[in-house]
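The structure appears right after this line, and notes come after that.
Protein chains in written order, with the working numbering: chain R, 10 to 427; chain G, 10 to 427; chain X, 10 to 427; chain P, 10 to 427.
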């Protein structure tokens with residue numbers, strides 16, 4: 010087992026951790042640990058909410074969650090010798106839950122507090138608890154489903170430079186100021202109650218590791234929220250960034266300053282319920298190396314990666330397609346979100362044939378290793394999106410050809426907590 | 010070999026085919042053939058351009074293509090007993106090129122005539138010719154690449170009812186009238202020279218099978234263009250709709266009236282160069298069945314499908330990610346197209362390390378079995394898209410870890426025709 | 010379509026073919042065609058029996074088959090410039106049945122005429138006819154099973170030199186003379202009615218292409234039977250030698266002289282019923298190249314190959330294991346055949362839970378893409394063999410966990426013909 | 010983490026463990042732990058040698074190993090309510106090395122002490138140490154190779170009844186008495202220095218858990234060795250019996266009495282060097298259930314299993330074939346071992362083109378996830394075996410088509426210890 014360079018205590022509050030939590034991106038957060046190229050090391054992480062969710066049957070904790078202090082992350086880990094322009098080569102050797110905390114949660118956020126991809130259809134908070142059975146998971150709130158986890162860190166990134174941070178703040182502020190372009194995918198029914206377009210720096214509840222209090226006060230005005238993925242990878246939520254993957258991360262500051270967390274036991278493409286993966290605290294074992302001047306050598310300015318080859322395999326899928334017309338018949342221009350939305354809604358309708366509530370179906374799409382693809386992006390005005398559900402995640406026969414045998418089972422009895 | 014119910018002659022013009030071509034969606038096109046549930050049958054098709062492209066080294070035919078008469082399709086095939094509300098079960102038993110026409114083409118359209126996903130970066134017409142070697146293909150215009158085709162029909166659909174057709178026309182007209190919402194993914198640099206938002210009915214160059222001339226004249230005003238995918242599946246361009254796939258198609262008119270064509274020897278997710286697959290004329294063998302009242306039974310209002318299990322398999326990929334910020338730093342709101350664009354641009358830059366021109370790299374992404382996923386759709390304001398390139402399509406070592414061995418080969422010498 | 014260099018006529022007898030059939034290995038058979046390195050070409054083949062089996066419901070043709078004239082093969086194809094010590098690089102570009110003969114057959118041979126792997130358990134002739142539905146197949150004699158074919162040539166080889174032929178004859182004669190070592194896997198119950206140990210040259214029914222009659226008479230005394238695989242690959246019956254595979258074949262005579270045939274639409278590992286694949290006449294498209302002095306360069310003295318990547322994929326299997334103890338409790342020494350036998354017998358027993366007769370189950374194991382592995386070869390005295398049956402080849406739920414739902418269906422009603 | 014029901018101490022001798030070790034099969038070994046149907050529990054195990062091998066660069070420990078006390082196993086675990094005729098359903102939830110012992114070993118045994126599949130070619134002891142990097146492994150003794158482990162227990166079985174034990178002893182004794190049938194695969198060159206045909210009960214070094222000394226003395230005369238797999242599964246060495254697999258084990262005594270151990274981080278089909286997997290101590294998490302009267306219900310008398318779907322995936326292989334003729338030209342009758350031997354020898358020769366010693370190549374075949382198949386078992390006298398090596402386990406280009414670039418690297422410098 011590699012040496013642990015960042016430790017957490019899941020029984021303590023985020024403010025009282027053995028190593029200090031980070032919940033914003035800022036270049037000046039002092040390194041919590043330092044490693045050399047070639048080193049293998051373990052990083053422990055809280056779940057992204059910092060422990061706000063319990064293993065019980067009520068969704069009140071989802072409904073009432075404090076969102077400002079998220080995500081609760083571990084780092085920065087400084088790599089000796091890494092300089093701006095280099096690439097870090099980060100191997101995700103392995104990751105998992107803590108031995109005595111083998112459960113995770115998925116939440117549907119309330120429309121008034123967080124929302125989600127289909128929040129207009131699913132406005133109320135819901136929660137499902139998942140138990141981990143080694144490589145598999147199942148949930149008392151979603152019966153007759155079990156699947157192997159495609160576990161990954163939702164967040165893995167390097168720290169931005171001051172210049173890059175400024176750029177982030179400016180471009181996101183500009184979006185907020187110039188207003189929405191096409192937000193119909195999210196909230197097409199009301200037209201009024203818009204979710205935020207972007208999240209500007211939020212000085213409340215800022216945690217910046219070991220930075221001293223005075224510095225924090227200043228930094229908090231500029232430190233970027235961790236919600237969106239950006240140049241540094243960050244909250245990319247790529248389900249295939251799993252065990253055995255290699256990531257090439259751009260370096261923007263001396264040492265690179267890796268920050269990571271938001272571990273997912275499993276997630277479908279899109280992570281559609283927002284708190285949509287199976288969320289958990291846990292550990293990840295990393296190994297790092299440095300490619301000097303790698304950004305120029307590779308000719309890329311985003312992170313790139315090579316997925317590992319131990320992903321769960323499936324040979325039978327049911328595939329739903331959607332395109333850029335809302336279910337009310339409004340035509341949008343090449344809007345992939347609406348395509349995704351329509352495909353998801355059809356999948357949810359299909360799964361409810363088997364006795365699931367729509368909330369359960371929504372959660373299955375968000376957590377199981379569902380494949381969502383941009384099938385066609387040039388056939389104006391409709392972008393075609395496919396959502397493919399692996400049949401083998403169900404313990405019963407979910408194939409359309411045997412649909413007539415589906416009837417009569419009520420899988421909603423073990424309903425989602427409210 | 011199943012009986013051929015629709016025949017084409019690739020040496021004749023689209024107007025002079027053995028069975029009459031269709032290039033618009035309209036309910037009243039007379040059935041060209043009739044089949045019974047359970048029947049297996051063969052449909053021949055022209056390439057989507059109706060033979061406008063030659064196997065040569067000039068892209069003039071791409072540059073000067075007449076776009077109004079596209080796509081050139083085969084059908085309608087009527088299924089006896091199918092009624093509105095039913096689902097057709099269509100098995101794609103097999104498909105392929107004609108025995109003496111074992112080549113296909115990929116085009117980058119000129120910005121002034123068709124464009125494509127990255128048309129602002131690639132404004133000039135280009136063409137690549139691909140030869141078919143049984144299950145594999147290679148191109149004299151893109152050396153050192155070969156891969157097995159994931160062949161599929163770009164277009165497979167049922168005919169709309171009058172009501173549905175009217176709905177299509179109205180919603181697309183409304184989009185054109187209310188103007189662009191967020192078109193930056195396509196043409197973010199100019200802001201002026203916008204491509205069309207949608208394609209309203211175009212009465213010129215209309216082909217409606219055996220419909221009599223007078224009726225055509227009237228129908229042409231309303232018949233829908235075949236570019237976008239819609240409720241009837243249509244131009245869905247789903248690369249996984251390949252050999253052995255089963256499609257469940259909603260029925261809107263008596264007999265369902267299947268229309269198909271636009272065969273692709275291979276395509277990457279997105280079909281990004283627009284004429285982006287490896288396009289070919291050819292044949293497909295189908296089998297149909299009917300599920301009475303299937304739309305209600307299944308609870309879906311789009312087509313759904315089950316992909317076959319003989320897709321080419323790959324175990325090593327290089328994955329690029331993008332999100333909703335243009336390369337000029339403009340922040341957009343959850344725009345997946347921009348994520349796709351950024352990931353593609355990075356992939357193109359990466360591949361040019363190996364001696365390819367950017368046009369060649371663009372064509373590789375568009376034709377090889379590239380996987381493009383909506384990785385995260387809830388992390389506002391950035392939607393995260395990944396584009397995964399299978400390493401085994403290259404005859405040389407394309408792995409980032411051996412990049413230092415890449416130098417010195419100029420694969421652009423066999424350049425794309427101009 | 011590549012040029013056809015070897016043509017057959019399925020309506021004519023083997024003796025009256027457009028190009029003359031070969032059914033023995035001999036260096037002096039005149040080349041039927043000549044190709045150059047780099048050439049693509051088509052070879053047509055009869056089914057291995059030369060047309061002795063009909064698409065009907067009687068197994069009499071299997072029972073009464075003449076075995077001496079088998080296999081009926083196409084070739085030799087001479088590759089210009091190939092010399093002993095070279096390797097031929099043979100690409101299997103594609104293969105398939107003839108367009109108007111889309112069916113094949115599987116036979117269980119009578120114990121008195123051919124036998125099979127489990128002939129003591131299945132002593133009577135049986136037959137199943139399979140219809141081809143594009144990439145898939147199904148059989149009226151084995152209901153509720155359908156799967157994509159992993160099609161391949163059972164036989165593909167180069168011609169032996171005189172020296173090598175002599176070596177084959179000597180070593181096989183020596184086996185016949187010194188008698189059985191351990192034949193219990195085949196015929197352990199009787200002890201008397203032993204099948205042949207090997208098949209020495211059989212001068213009757215010899216076909217040697219265009220060789221003149223006098224020469225044939227002499228050659229027939231030495232020409233080797235085509236049943237066993239040998240140094241030249243030959244009847245290797247490797248199910249993964251499918252579309253898109255590349256084979257490296259050792260060259261023993263000038264021109265290499267490729268002979269091929271015995272096409273299989275599908276086969277399980279082992280081809281256990283002997284005529285155990287889904288046998289068919291058809292065509293294969295090949296491309297050849299030459300590696301000068303390749304045998305020394307590669308350091309190998311058998312054929313090697315690279316399987317294509319378009320094999321049908323399966324993610325759920327049921328795996329049976331067997332080891333070197335007969336079902337009567339007799340212990341053998343590291344005998345893999347007995348392990349294979351036991352695993353097959355258990356699989357057959359398992360499948361008969363679902364209403365199949367044991368003959369049907371035997372045929373499923375022999376034809377579907379079953380994986381049979383040498384799991385452990387060092388744990389004396391027992392060699393462990395696993396036989397893995399892909400669940401998705403069944404149209405119903407075959408999973409052990411839902412076995413209680415299996416009852417009551419009699420799938421044997423559509424019994425195997427007799 | 011499930012409760013640990015069997016604990017080991019890798020720093021203590023096998024005789025001084027926290028829970029008592031078992032190294033023979035016997036029905037009367039007292040249960041070390043008892044679990045209920047539905048329970049999840051952890052079992053710790055020593056490596057199979059009980060700690061005789063060190064992480065160093067000398068193979069002396071392999072050469073001098075004491076073989077009589079092997080394998081060192083954990084159990085029996087009794088399942089409440091299980092009775093003879095039932096099936097145990099055992100889920101392998103997860104398994105792995107101990108956190109601070111992330112290394113394993115592979116040995117080539119000396120011909121005089123253990124031997125191996127190719128012992129006549131590799132008569133001297135060798136050793137390779139493998140380090141574990143999360144899901145991956147690499148070895149300082151076999152450079153430029155790394156791959157994800159397909160980890161599994163080499164041994165997992167239920168305890169035999171007295172009757173079954175008697176049957177084992179009788180049939181194995183009968184083999185020893187009647188002498189060899191066909192042992193050429195193992196020792197074909199000498200004809201004299203035969204390895205044992207089977208291993209009868211060996212009263213020395215017997216460990217039977219908590220059985221009292223007197224009882225042990227009697228039981229040791231009959232307790233069966235753990236080398237061969239038998240009706241109870243036992244030492245089946247099935248590489249695919251990995252994480253997420255479900256095993257159905259026949260029950261022969263009250264409680265079933267599960268015994269397990271011999272953990273492998275990875276193994277190729279066949280485990281050919283004998284100590285041929287990457288051997289390690291570690292833990293496995295199991296869950297059990299009982300199917301009453303399952304043996305009759307299933308109609309099987311061996312263990313069956315369903316492999317998990319998280320096996321490492323590979324898309325490019327190099328496949329070697331062998332058949333029943335020794336490299337000296339001696340023809341055997343359907344001997345799969347000789348086919349396996351020939352394919353392995355060719356693979357070893359091929360890999361030595363890349364600078365590996367033959368010992369290193371032998372070890373690669375034995376440890377990497379190599380696929381070995383019984384391709385054809387009916388083509389007398391030759392059984393055809395294929396050995397498929399996944400290309401991606403090498404860090405360099407191992408493809409035959411780029412073989413000319415292989416030269417000049419000496420990977421044998423980091424030779425195997427002696």
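Each residue gets a CB set at the ideal place from its N, CA and C atoms; glycine is no exception. Values in this document were obtained by computation on a predicted structure and should not be read as measured data.
CB of residue i within 8 Å of CB of residue j, strictly
i                     : j                     : result
residue 40 (chain P)  : residue 278 (chain X) : no
residue 57 (chain R)  : residue 253 (chain R) : no
residue 46 (chain P)  : residue 297 (chain P) : yes
residue 113 (chain R) : residue 287 (chain R) : yes
residue 122 (chain R) : residue 168 (chain R) : no
residue 51 (chain G)  : residue 292 (chain G) : yes
residue 295 (chain P) : residue 166 (chain P) : no
Beta-ladder partner(s) of residue i, from DSSP
i                     : result
residue 272 (chain R) : R:162
residue 83 (chain G)  : G:269
residue 88 (chain R)  : R:44
residue 255 (chain P) : P:100 and P:315
residue 393 (chain G) : G:385
residue 117 (chain P) : P:135 and P:283
Nearest candidate by alpha-carbon position, reference residue i, set the options
i                     : options                       : result
residue 78 (chain X)  : X:96, X:249, X:212 and X:70   : X:212
residue 403 (chain X) : X:424, X:386, X:379 and X:136 : X:379
residue 300 (chain R) : R:281, R:327, R:264 and R:319 : R:264
residue 251 (chain P) : P:101, P:132, P:230 and P:390 : P:101
residue 207 (chain P) : P:426, P:181, P:37 and P:74   : P:181
residue 261 (chain X) : X:276, X:417, X:239 and X:255 : X:239
residue 309 (chain R) : G:315, G:290 and G:351        : G:351
residue 272 (chain G) : G:67, G:175, G:205 and G:81   : G:81
residue 375 (chain R) : R:274, R:407, R:408 and R:89  : R:274
Supposed close pair residue i, residue j - CB separation, criterion 8 Å
i                     : j                     : result
residue 362 (chain P) : residue 415 (chain P) : 5 Å
residue 399 (chain X) : residue 326 (chain X) : 6 Å
residue 393 (chain G) : residue 245 (chain R) : 5 Å
residue 8 (chain P)   : residue 425 (chain X) : Missing from the structure shown is residue 8 (chain P); chain P here goes from 10 to 427 and no further.
(message) Across the stretch 333 to 349 of chain X and the stretch 326 to 341 of chain R, are there enough close Cβ pairs to call them in contact, namely three or more that are closer than 8 Å?
(response) no
(request) Evaluate contact between the stretch 301 to 310 of chain G and the stretch 51 to 69 of chain G, counting only Cβ atoms and requiring at least three cross-stretch pairs below 8 Å. (result) no
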